[in-house]
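Quick notes on the structure that follows.
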Amino acid sequence: MLDPHRLRTDLEQVAKALSHRGFVLPVAVFSELEGRRKVLQTRTQELQQLRNSRSKAIGQAKASGQDVSALLAEVATMGDQLKQAETELEALQAELQGLLAGIPNIPADSVPVGKGEEDNVELRRWGSLPTFAFEPRDHVALGDGNGLLDFEVASKISGARFSVMKGELARLHRALIQFMLDLHGREHGYTEVYVPYLVNSDSLRGTGQLPKFEAELFALRDTGQGAPYYLIPTAEVPVTNLLRDVIVEAEALPLKFVAHTPCFRSEAGSYGKDTRGMIRQHQFEKVELVQIVRPEQSYQVLEQLTADAETVLQRLELPYRVLSLCTGDIGFSAAKTYDLEVWLPGQQKYREISSCSNFEDFQARRMLARWRSPGGKPELVHTLNGSGLAVGRTLVAVMENYQDDGGRIAVPEVLQPYMAGCRVIGGR
RNA sequence: GGAGAGGUGGCUGAGCGGCCGAAAGCGGCGGUCUUGAAAACCGUUGAAGGGCGACCUUCCGGGGGUUCGAAUCCCUCCCUCUCCGCCA
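Residue numbers (the working numbering): 5 to 432.
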């Protein structure tokens with residue numbers, strides 16, 4: 005959520021900044037609502053003040069034994085007036101809140117201006133692309149038919165966009181998770197957390213998935229009482245919400261968390277996209293990095309967090325590149341985002357494997373996550389997160405980059421300790 | 001699932017329908033004292049919103065109701081704890 009005060013005082017500038025990401029701020033609607041809000045709020049508060057002072061007078065008169073019938077008569081019609089004003093104000097504020105909740109974050113100044121994917125700026129590349137003396141297979145060809153990957157049985161059990169991994173491949177997948185958790189936990193100083201995979205709507209509002217992106221979520225059938233649960237689309241939701249409605253002491257910052265969770269996405273609107281293989285699934289594993297920091301440090305931390313994610317690819321010796329997403333391509337809540345894209349020989353393309361973002365105070369304002377600043381006053385923290393990494397896609401990258409002409413897959417050196425020394429899997 | 005107890009400020013914990021944004025203690029901050037620190041003593045200390053401002057409004061788990069007036073009474077939901085049952 006943007007700062008409502010800024011929206012009131014600097015509407016044109018905000019609208020301009022948002023136009024860079026292709027968002028049209030309904031300026032006229034907003035200022036009209038805001039104008040009415042101001043009048044109505046003032047009036048409501050005046051009525052409340054009057055009621056409070058009259059009620060107090062009645063109390064005092066009663067206490068001193070005076071007759072209060074005159075005072076009561078005076079106040080008789082006030083209740084309805086006040087109730088009406090309060091109801092109107094509430095409706096108006098709900099409308100404003102709804103509008104506000106649908107406004108995306110303002111891109112940082114350093115974000116390249118552009119319309120979409122094609123305008124993202126490549127910052128650097130790491131590693132050299134593997135060369136093969138044969139036509140490299142994609143991960144489906146490498147895993148299907150030899151018992152490692154089974155999409156048919158997955159679709160029988162569940163449907164499209166699910167997969168079943170077996171044997172050494174399932175183990176390699178698990179090894180990746182352990183490796184990533186250990187790297188970030190032991191070497192990068194993140195605290196490992198285990199969190200719920202089902203969350204309430206407040207949590208999703210806090211990180212910005214609701215109200216705008218409900219269609220991308222899986223909701224559990226309402227059990228009849230209370231609000232429904234949602235399956236998390238990313239660990240970012242439960243982990244960042246650890247700080248919801250919390251004021252942390254300055255010394256406690258930065259808070260660094262790493263969590264491994266499954267992620268569930270409906271992938272609405274991506275029909276026909278990446279239908280082959282396990283690139284785009286309804287269920288996948290991810291190791292997520294989350295940091296809660298002082299505002300003045302967040303951009304420095306974004307670089308560090310991105311570097312932490314890059315380390316995973318470097319240790320796995322997977323070639324990748326880093327993009328700075330342009331204003332037209334960054335996510336709803338983000339002020340700035342770096343994407344890591346790994347090289348997939350089977351597609352002869354770089355594909356997204358991590359997304360590292362600084363949300364500044366956008367999420368913090370929604371969830372009221374604050375820290376006690378040196379002045380003693382609570383201030384909003386800045387929140388960041390990044391995949392470190394998407395496990396399913398990392399597995400795909402390992403399979404495709406480490407294949408040999410027999411369709412076997414070499415186990416990256418750093419994973420071998422997690423595989424009981426196993427050095428090669430698969431083949432037929 | 002059954003029975004009971006409870007949710008109040010950073011924490012613990014009081015709170016006859018009006019003098020309660022809320023006692024007291026702890027913690028925090030400032031000061032006195034001290035070479036310095038501790039102790040002691042004095043003062044101060046919740047959050048959100050509106051207004052240039054004096055100031056005003058809202059908030060005692062969430063929502064609804066009764067009342068001129070609700071932390072306090074009623075309804076409802078959620079959560080926590082204890083016991084029993086069941087269960088990985």
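All C-beta atoms in this analysis are idealised placements derived from N, C-alpha and C, irrespective of residue type, glycine included.
In this text the structure is predicted, and so the values were computed from the model without any measurement.
Check, Outcome
"Cross-strand partners of H386 (DSSP beta bridge)", "V297"
"Residue closest to A137, alpha-carbon to alpha-carbon, out of V297, N405, P421", "N405"
"T244 vs T341 beta-carbon contact at 7 Å", "no"
"Collapsed DSSP secondary structure at Q287 in the structure displayed", "strand"
"Same chain only: Cβ atoms within 7 Å of G228, ignoring 5 sequence neighbours per side", "Bear in mind that a pLDDT of 46 at G228, under 50, signals an unreliable position, so the model cannot answer this."
"Contact check, R355 vs L348, beta carbons under 7 Å", "yes"
"Bounding residues of the alpha helix (DSSP H) (the contiguous stretch that carries R66)", "First, the residue type needs correcting, since residue 66 is Lys and not Arg in the sequence shown. Here the alpha helix (DSSP H) through K66 covers 31-67."
"Rounded C-alpha distance that separates V346 from I357", "6 Å"
"Residues of its chain near S337, where Cβ-Cβ distance is below 8 Å and the 5 sequence neighbours each way are ignored", "P108, N109, T211, G212, S361, F363, F366, Q367"
"Pairwise C-alpha distance: L419 and D123", "36 Å"
"Sequence-distant residues of the same chain with beta carbon closer than 7 Å to Q45, five excluded per side", "L93"
"Option nearest G281 by Cα separation, candidates G26, Q351, P299", "Q351"
"4 or more residues per run - each alpha helix (DSSP H) lying fully within the stretch 316-389", "366-371"
"Assumed close pair K119, G332 - CB separation to whole angstroms, cut-off 8 Å", "4 Å"
"Assigned exposure category for E292 - 16 Cβ within 10 Å defines buried", "buried"
"Bridge-paired residues (DSSP) for Y234", "V203, A223"
"Nearest to Q301 (by Cα), restricted to the options A254, R248, G147", "A254"
"Counted within 10 angstroms of its Cβ, other Cβ atoms place L399 as buried (16 or more) or exposed", "buried"
"Residues near R412 in its chain [Cβ-Cβ closer than 8 Å; skip 5 each side]", "V428, I429, G430, G431"
"Contact between the stretch 71-82 and the stretch 29-44 (3+ Cβ pairs under 8 Å)", "no"
"Selected residue, minimal CA-CA separation from A112, among A219, R25, Y422, R12", "R25"
"Spatial neighbours of A61 in its chain, beta-carbon cut-off 8 Å, leaving aside the 5 residues before and after", "L75"
"Helix, strand or coil at Q308 [DSSP, three-state]", "helix"
"Stretch pair the stretch 174-194 + the stretch 376-383: three plus CB contacts closer than 8 Å", "no"
"G410 versus L180: straight-line alpha-carbon distance, rounded", "23 Å"
"CA-to-CA distance, A231 to I334, given in whole angstroms", "30 Å"
"Residue closest to S270, alpha-carbon to alpha-carbon, out of R165, A424, M403", "R165"
"I236, buried or exposed, once every other Cβ within 10 Å from all chains shown has been counted against 16", "buried"
"Simplified DSSP state of E292, which is helix, strand or coil", "strand"
"E156 - containing alpha helix (DSSP H), residue span", "155-161"
"Where the beta strand (DSSP E) containing F261 begins and where it ends", "259-268"
"Three-state secondary structure (DSSP) of I251", "strand"
"Minimum length 3: unbroken beta strand (DSSP E) runs contained in the stretch 70-132", "125-130"
"Residues sharing a beta bridge with I413, DSSP", "Q407, I429"
"Among Q53, P215, V199, Q101, the one whose alpha carbon lies nearest that of F34", "Q101"
"C-alpha gap between D249 and L208, whole angstroms", "14 Å"
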